[in-house]
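Notes follow once the structure below has been shown.
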Amino acid sequence: MIEPPAQNLPTERTGPAAVLVRDVWMDFPVKQGSQAVPVLERINVEIQRGEFVCVVGPSGCGKTTLLNIIAGFLNASRGEVQVEGEPVHGPDPRRIVIFQEGSVFPWLTVSANVGFALSRKTAAERNQIVQHYIDMVGLTGFESAYLRQLSGGMRQRVEIARALAANPEVLYMDEPFGALDYFTRFKMRADLVRIWQQEKKTILFVTHDIDEAIQLADRVVVLSSRPSTIRLILSVSLPRPRDLNSRDYLDTRDRILHALGMSLQNGIPPDAGD
Ligand SMILES: Nc1ncnc2c1ncn2[C@@H]1O[C@H](COP(=O)(O)OP(=O)(O)OP(=O)(O)O)[C@@H](O)[C@H]1O
Ligand SMILES: [Mg+2]
C-alpha cells in the first residue's frame, strides 16, 4: 500500500503521465541580505490521467507553492514539470486552478460565470454546456442569481461548474473548501467525488486536512514541514463512498499522521505549523 519516496521516481509507461513533477526544488529569493527561504526539496510525483491525487502537509510547508509551480504560475529553482509530456512554462487554459478564496465574478450571474470561458461556442452550445454543469453541481434554479445572493458553498459550486465548463484536462484545487463549514465540506467532498467519477478529469487537490484527503484521493502525497520533502505517498484503495469509521480508513489516517510525526493520542507534533 505504501510507496516509499525513494522509489517514487517515474517508471516506464506507454503514454506520458498526465502530470509529471521531476526533482523540483524551490527557494524563494533572498531579501536584503537575509537567507533564501528553502521551501521545497526534491519533489517527485507522477499523476496518471483520471487520477485524483491529494497533497497534504502542515500549514506553511509549501503546498500552494508546489501547486503554483505545477500550474505554471511560478518557476521552480530546479527541476521540471510536464503535462502530457510537454514541459510547463506558464499557465494554460487546458489546466484550471480553483483557489480557496474563489475567483468567480461577483458582477455576473451564475450562468454568466459558468459560461465565461465559452465565448467561442454558439449561443445554443454555450447554453447547453452551462445548464449541464449548473445541474451537475446542484445549482439548478439559481441560473440568474448573482453571487452575493449565494452561500459560500454555492459560490464554490459555481467555481467548480465554471472550471468544468471550460473542459480542462487537469483541475488543480488549492483548499477549495477551506472556508466552508464542517457539514458543507462533507457534502462538497461527496459531490466532488461524484463529479470526478462522471467527468474522469485528472485532479490535484491541496489540503491541510488529512480526513479530506483520505475521503477524496486515489493517492495521498504527504509533505513534511518546510523545507518540504515527500514523507510518504499512500494509495487509498478504500471503496467509495468511504466509510469514515472503517478500520481501513482509520489505519490510513494513522499512517499519514505517523509520517508527519503525529498521533491523535499525543496531540500536536513539534514540527507542525509555520
Ligand atoms: N512569493 C513568496 N516570496 C517569499 N516567500 C514565499 C512566497 N510565497 C510563499 N513563501 C513562503 O513559502 C513558504 C510556503 O508557503 P505556501 O503558501 O506554499 O505554504 P502552504 O503549505 O500553502 O501553507 P498554508 O497551509 O498556510 O496554505 C512559507 O514559508 C511562505 O512564507
Ligand atoms: Mg496554501
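According to the working numbering, the sequence shown is numbered sequentially starting from 81. No residue lacks a Cβ here, since even glycine has one placed at the ideal position from N, Cα and C. Predicted model only: the values in this text are computed from it and were never measured.
- For secondary structure counted as the beta strand (DSSP E) over 3 or more consecutive residues, the segment 229-305 holds these complete runs in sequence order: 250-254, 282-287, 299-303.
- Distance from the CA of I178 to the CA of R327, rounded to the nearest whole angstrom, comes to 32 Å.
- With 7 Å as the limit between CB and the heavy atoms of ligand 2, the residues that fall short of it are K143, T144, D254, E255, V286.
- Between E131 and D298, the beta carbon gap of about 5 Å places them in contact (Cβ cut-off 8 Å).
- Its Cα nearest to that of P319, the residue V273 stands out among V273, L284, L219, T287.
- Remark: the C-beta of V119 is in contact range of ligand 1, defined as less than 8 Å to any heavy atom.
- For H212, the shortest separation between its Cβ and any heavy atom of ligand 1 does not lie below 8 Å.
- In the DSSP assignment, N325 falls outside any beta strand (DSSP E) and carries neither an H nor an E.
- Straight through space, the alpha carbons of I310 and T144 are spaced by roughly 15 Å.
- When secondary structure is reduced to three states using DSSP, R129 falls in the coil class, being assigned neither helix nor strand.
- Shortest Cα-Cα distance from Y252 to any of D103, I176, R158 involves I176.
- Within 8 Å of the C-beta of F108 there is at least one heavy atom belonging to ligand 1.
- Taking C-alpha positions only, E121 is separated from V104 by approximately 7 Å.
- Put simply, the segment 259-278 does not touch the segment 154-170. Fewer than three CB pairs are less than 8 Å apart.
- Contact between the segment 249-264 and the segment 180-195 is present, with at least three C-beta pairs closer than 8 Å.
- Distances from the CB of C134 to the heavy atoms of ligand 1 are all 8 Å or more.
- By the neighbour-count criterion, in which 16 or more other beta carbons inside 10 Å mark a residue as buried, E292 falls on the buried side.
- 9 Å or more divides the Cβ of V238 from the Cβ of V136.
- For ligand 1, a non-hydrogen atom lies closer than 8 Å to the CB of L146.
- Secondary structure in the segment 108-168: the alpha helix (DSSP H) runs of 4 residues or longer, each lying completely within the stretch, are 143-151 in chain order.
- Boundaries of the alpha helix (DSSP H) around R206: 203-216.
- Straight across, the Cα-Cα distance linking N325 with R333 is about 11 Å.
- In the DSSP assignment, the residues bridged to W105 are R158.
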